[in-house]
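Positions in the sequence shown are counted from 1; adding 1 to them yields our numbering.
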Amino acid sequence: MEKLQQHFAKLLRETDTRFHRYLYGQINWANRMVGLTGPRGVGK
Numbered sequence: 002m003e004k005l006q007q008h009f010a011k012l013l014r015e016t017d018t019r020f021h022r023y024l025y026g027q028i029n030w031a032n033r034m035v036g037l038t039g040p041r042g043v044g045k
């Protein structure tokens, strides 16, 4: 289990978090729940 956690932590460290979709700035992140709807495969 520890090896799995280490692998997951490595994947998180290597993930680029600078990219945001164009609607990112319009979402009110202070809300308790945020839902994104749309067709499959469009990059929600």
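We treat Cβ as the ideally placed atom computed from N, Cα and C, and that holds for glycine. Just so you know, these numbers come straight off a predicted model, no measurement behind them.
LYS45, DSSP secondary structure in three states: coil
Rounded separation between HIS8 and ILE28 - CA only: Between HIS8 and ILE28, the C-alpha separation is close to 31 Å.
Residue interval of the alpha helix (DSSP H) (run including PHE9): 3 to 15
Neighbourhood of GLY39 by C-beta, 7 Å cutoff - its chain only, sequence neighbours within 5 removed: LYS45
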